[in-house]
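To start, the structure itself, in structure tokens.
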Amino acid sequence: MIRVQREDFDVGRELAALTAGDRSIGGVAIFVGLVREMVRGPRGEEPISAMTLEHYPGMTEKQLAAVEAEAQRRWPLARSLIVHRHGRLEPGEQIVLVACASSHREAALAACHFLIDWLKTKAPFWKLEEADSATRWVEARSEDDQAVERWGKALPSTTRSVGEG
Amino acid sequence: MIRVQREDFDVGRELAALTAGDRSIGGVAIFVGLVREMVRGPRGEEPISAMTLEHYPGMTEKQLAAVEAEAQRRWPLARSLIVHRHGRLEPGEQIVLVACASSHREAALAACHFLIDWLKTKAPFWKLEEADSATRWVEARSEDDQAVERWGKALPSTTRSVGEG
Amino acid sequence: MRLLYFAWVRTKVGKGSEELDPPATVEDVAGLLAWLKQQSPRHADALADLARLRVAVNQDYVTFDHPVKPGDEIAIFPPVTGG
Amino acid sequence: MRLLYFAWVRTKVGKGSEELDPPATVEDVAGLLAWLKQQSPRHADALADLARLRVAVNQDYVTFDHPVKPGDEIAIFPPVTGG
Numbered sequence: 000m001i002r003v004q005r006e007d008f009d010v011g012r013e014l015a016a017l018t019a020g021d022r023s024i025g026g027v028a029i030f031v032g033l034v035r036e037m038v039r040g041p042r043g044e045e046p047i048s049a050m051t052l053e054h055y056p057g058m059t060e061k062q063l064a065a066v067e068a069e070a071q072r073r074w075p076l077a078r079s080l081i082v083h084r085h086g087r088l089e090p091g092e093q094i095v096l097v098a099c100a101s102s103h104r105e106a107a108l109a110a111c112h113f114l115i116d117w118l119k120t121k122a123p124f125w126k127l128e129e130a131d132s133a134t135r136w137v138e139a140r141s142e143d144d145q146a147v148e149r150w151g152k153a154l155p156s157t158t159r160s161v162g163e164g
Numbered sequence: 000m001i002r003v004q005r006e007d008f009d010v011g012r013e014l015a016a017l018t019a020g021d022r023s024i025g026g027v028a029i030f031v032g033l034v035r036e037m038v039r040g041p042r043g044e045e046p047i048s049a050m051t052l053e054h055y056p057g058m059t060e061k062q063l064a065a066v067e068a069e070a071q072r073r074w075p076l077a078r079s080l081i082v083h084r085h086g087r088l089e090p091g092e093q094i095v096l097v098a099c100a101s102s103h104r105e106a107a108l109a110a111c112h113f114l115i116d117w118l119k120t121k122a123p124f125w126k127l128e129e130a131d132s133a134t135r136w137v138e139a140r141s142e143d144d145q146a147v148e149r150w151g152k153a154l155p156s157t158t159r160s161v162g163e164g
Numbered sequence: 000m001r002l003l004y005f006a007w008v009r010t011k012v013g014k015g016s017e018e019l020d021p022p023a024t025v026e027d028v029a030g031l032l033a034w035l036k037q038q039s040p041r042h043a044d045a046l047a048d049l050a051r052l053r054v055a056v057n058q059d060y061v062t063f064d065h066p067v068k069p070g071d072e073i074a075i076f077p078p079v080t081g082g
Numbered sequence: 000m001r002l003l004y005f006a007w008v009r010t011k012v013g014k015g016s017e018e019l020d021p022p023a024t025v026e027d028v029a030g031l032l033a034w035l036k037q038q039s040p041r042h043a044d045a046l047a048d049l050a051r052l053r054v055a056v057n058q059d060y061v062t063f064d065h066p067v068k069p070g071d072e073i074a075i076f077p078p079v080t081g082g
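Chains as they are written, first to last, in numbering that gives the first Met the number 0: chain A, 0 to 164; chain B, 0 to 164; chain C, 0 to 82; chain D, 0 to 82.
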């Protein structure tokens with residue numbers, strides 16, 4: 000299941016809903032992304048007061064559903080969940096939740112890792128940071144591109160970027 | 000931090016307590032183990048009505064603290080938490096929680112994976128399954144031994160088993 | 000043809016979306032980007048460095064040789080930074 | 000010397016712990032296990048297959064050649080199955 004929302008989420012409640020009624024589940028791997036206060040700025044590490052997540056409504060849901068389907072295809076998952084927030088968030092706030100439930104612990108852990116790596120490079124979100132009453136768009140990180148490459152070939156119909164053509 | 004307890008835990012509340020006050024945290028990787036209803040029995044997959052987790056008080060805390068310290072040594076973690084329950088648990092109940100918080104997503108994910116793998120083979124817990132009004136002790140799985148081997152050499156003072164000598 | 004802009008592409012162009020009818024000679028993404036640059040100095044500035052742009056046609060990532068046609072929803076944006 | 004037994008080692012021995020004073024000739028884990036087997040048929044049954052046993056001395060895993068001495072807390076149990 001995927002959700003794109005402004006509202007915060009409660010990980011305990013999401014976990015209970017995800018696993019409810021399925022007693023084949025032996026493990027749930029979860030990743031929660033938070034807004035960091037210190038970020039890489041033009042003059043090294045510096046604090047931000049907030050960030051705003053812009054997204055592309057419609058495409059976001061389509062891409063998240065595609066990466067979730069890919070995870071379900073690659074690993075034997077009983078259930079999975081992606082919740083991604085948009086709008087203005089302050090340091091310490093939750094941004095994203097990925098949860099993968101499986102009878103097999105390895106499948107849950109690998110699928111969760113895969114989903115957060117893919118999200119970082121495929122989901123159409125953009126972060127605008129506020130620092131010292133100025134704002135700046137966050138640059139994509141080459142580490143994130145490298146992290147996603149470990150998972151092998153991307154889905155041809157949904158994930159090619161311009162530069163790869 | 001480590002805790003060994005009979006009581007259930009709320010993952011949302013544990014997560015909030017783990018990250019409170021540290022705004023350097025960019026991601027938290029969590030693993031929650033649940034009691035599965037269907038287990039490998041002598042006649043293939045069969046349902047259990049409950050399991051009882053026996054543990055070695057004192058050594059459990061010592062070993063969990065050692066694996067947590069090893070994770071802290073290997074990865075730049077801001078915070079970490081292991082909660083392991085003991086006593087009688089029914090299918091669907093939570094058994095174990097591992098949570099690793101870091102400014103780096105990869106560190107959080109790897110440390111969480113490491114901790115659950117180590118727990119499985121090092122923490123002195125034993126599962127007694129109840130099925131059809133009979134009980135049986137769960138056998139250790141060779142897959143778990145293999146899973147932990149990927150993380151390289153164990154701590155010499157705490158983790159050698161008899162068979163490795 | 001519906002054009003959508005996000006993040007700094009949006010702020011540079013000065014709007015989040017617009018309806019445009021490029022000439023029939025515009026057959027693919029590369030042709031569309033070249034034509035769009037000529038629409039205003041703001042478009043030219045936003046689209047100056049093609050290596051920093053990603054394009055989606057009908058909500059799927061595409062390469063520059065992907066065809067475009069009337070009725071398509073075409074989004075232009077920087078590399079994504081969510082998660 | 001305090002002996003602790005867990006899981007099926009405990010149920011086979013019939014108790015979770017006992018205080019024992021092995022003779023001075025018992026110097027390591029292997030010697031202790033051999034001596035324990037002679038204490039009762041239940042001990043002999045519980046400790047019959049050494050390959051299925053793990054031992055901790057003072058709450059650390061040890062190998063069979065690890066020394067044991069009076070005052071030690073020595074636990075004998077099957078491979079662990081937590082998590």
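Where is the CB? At the ideal position from N, CA and C, for every residue including glycine.
Asked                                                                                                                                                                                     : Found
How about B/A98 and B/V34: are their beta carbons less than 7 Å apart?                                                                                                                    : no
Taking 7 Å as the cut-off, decide whether the C-beta atoms of B/R22 and A/P90 are in contact.                                                                                             : yes
If you reduce the DSSP assignment to three classes, tell me which class A/P123 lands in.                                                                                                  : coil
Based on DSSP bridge pairs, tell me the residues matched to B/F30.                                                                                                                        : A/A28 and B/V97
What does B/S79 reach in chain A if we use C-beta pairs closer than 9 Å?                                                                                                                  : None at all; the shortest Cβ gap to chain A is about 14 Å.
I'd like to know whether the C-beta of D/L2 is nearer than 7 Å to at least one C-beta of chain B.                                                                                         : no
Return yes when the Cβ of A/G32 is within less than 7 Å of the Cβ of C/G82, no when it is not.                                                                                            : yes
Answer yes or no: do B/L14 and A/V10 have a C-beta to C-beta separation smaller than 7 Å?                                                                                                 : yes
Comparing C-alpha positions only, which one of B/D143, B/L52 and B/E60 sits nearest to B/L80?                                                                                             : B/E60
With DSSP collapsed to three states, give me the class of B/W136.                                                                                                                         : strand
Does DSSP put C/D59 in a helix, a strand or coil?                                                                                                                                         : strand
Is B/E148 buried or exposed, if buried means 16 or more other CB atoms sit within 10 Å of its CB?                                                                                         : exposed
By Cβ distance, which residues of its chain are closer than 7 Å to D/A29, with the 5 residues on each side in sequence left out?                                                          : F63 and D64
If I follow the unbroken alpha helix (DSSP H) through A/T18, where does it start and stop?                                                                                                : V10 to T18
Count the other CB atoms within 10 Å of the CB of C/L52; is the residue buried (16 or more) or exposed (fewer)?                                                                           : buried
Do the stretch 66-78 of chain A and the stretch 99-112 of chain A touch if we need at least three Cβ pairs shorter than 8 Å?                                                              : yes
Can you list the alpha helix (DSSP H) stretches of 4 or more residues lying completely in the stretch 15-75 of chain D, in chain order?                                                   : 28-36 and 40-45
Determine the DSSP secondary structure at B/S23, reduced to helix, strand or coil.                                                                                                        : coil
Taking 6 Å as the limit between beta carbons, can you name the residues of its chain near A/V82, skipping five residues before and five after?                                            : R2, F8 and L96
Say whether the stretch 119-131 of chain A touches the stretch 41-52 of chain A, bearing in mind that this needs 3 or more beta-carbon pairs closer than 8 Å, one atom from each stretch. : yes
Shorter than 7 Å from the beta carbon of A/A28 to some beta carbon of chain B?                                                                                                            : yes
Going along the stretch 29-53 of chain D in order, which residues come within less than 7 Å of chain G, judged by CB to CB distance?                                                      : Absence of chain G from the displayed structure is noted, the protein chains being A, B, C and D.
Measure the C-alpha to C-alpha separation of C/V25 and A/A139 and round it to an integer number of angstroms.                                                                             : 30 Å
Determine the closest residue to C/D48 out of C/E17, C/E18 and C/F76, with distance taken between C-alpha atoms.                                                                          : C/F76
Looking only at its own chain, which residues have a Cβ that is under 6 Å from the Cβ of B/W136, when we skip the five neighbours before and after it?                                    : L127
Who are the near neighbours of A/H112 in its chain, counting only those whose CB is closer than 6 Å to its CB and skipping five residues on each side?                                    : none
Give the straight-line distance between the Cα atoms of D/N57 and A/R39, rounded to the nearest whole angstrom.                                                                           : 48 Å
Expressed to the nearest angstrom, what Euclidean distance is found between the alpha-carbon atoms of A/P123 and A/P56?                                                                   : 9 Å
As a quick exercise: from D/M0, D/D27, D/A50 and D/L19, pick the residue whose alpha carbon is nearest that of D/S39.                                                                     : D/L19
Tell me the residue span of the alpha helix (DSSP H) that contains A/E44.                                                                                                                 : Premise fails: A/E44 lies in the beta strand (DSSP E), G43 to P46, not in any alpha helix (DSSP H).
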